[in-house]
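J.: Here it is, the structure, as structure tokens.
In this note's numbering, the protein residues as written are 64 to 183.
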């Protein structure tokens, strides 16, 4: 698997699929059946939003996912430093080192998905 393929698969799974799952859960879960206090509070907040605000809510959730994965990829690529981690971090998939440009590839994938740039 190439680094591009890996970044694309992670984007699809973590950002797109999870965002869809959250949209379904927020749209269909009955507040009184929420599994914990946090989830009930989140549902109450969401239900108080109008349609436009709900769109923004999911855009923010999506962006948080993108930023989080991009930061982790930056650590793996050696671009972002973490106190206490002084060694080299590599990500090996099928005996291939895919680290080095994952953050950039992932962010390009996001730009493509949002229509900011065309296909490869």
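Just so it is clear, CB atoms sit at the ideal spot from N, CA and C, and this is done for glycine as well. The structure presented is a predicted model; accordingly, all values stated were derived computationally and were not measured.
Residue 151 by DSSP, collapsed to three states: which one?
T.: Within the chain shown, residue 151 is the residue found at index 88, counting from 1. Three-state DSSP puts residue 151 in coil, outside helix and strand.
J.: Please work out which residues of its chain come closer than 8 Å, Cβ to Cβ, to residue 109, disregarding the five sequence neighbours upstream and downstream, and give them in chain order.
T.: Along the chain shown, one-based indexing puts residue 109 at 46. So the qualifying residues of the chain are 89, 117 and 120.
J.: With distance defined between alpha-carbon atoms, name the residue in 169, 174, 71 and 178 nearest to residue 131.
T.: For the purposes of this step, residue 131 is identified with residue 68 of the chain shown, where counting begins at 1. Closest in C-alpha terms to residue 131, from the list 169, 174, 71 and 178, comes 169.
J.: Spell out a yes or no on whether the region 139 to 153 and the region 163 to 178 are touching, meaning 3 or more CB-CB pairs, one atom from each, closer than 8 Å.
T.: yes
J.: Pull up the distance between the alpha-carbon of residue 180 and that of residue 74, whole angstroms please.
T.: For the purposes of this step, residue 180 is taken as the residue at position 117 of the chain shown. For the purposes of this step, residue 74 is taken as the residue at position 11 of the chain shown. Residue 180 and residue 74: Cα-Cα distance of roughly 16 Å.
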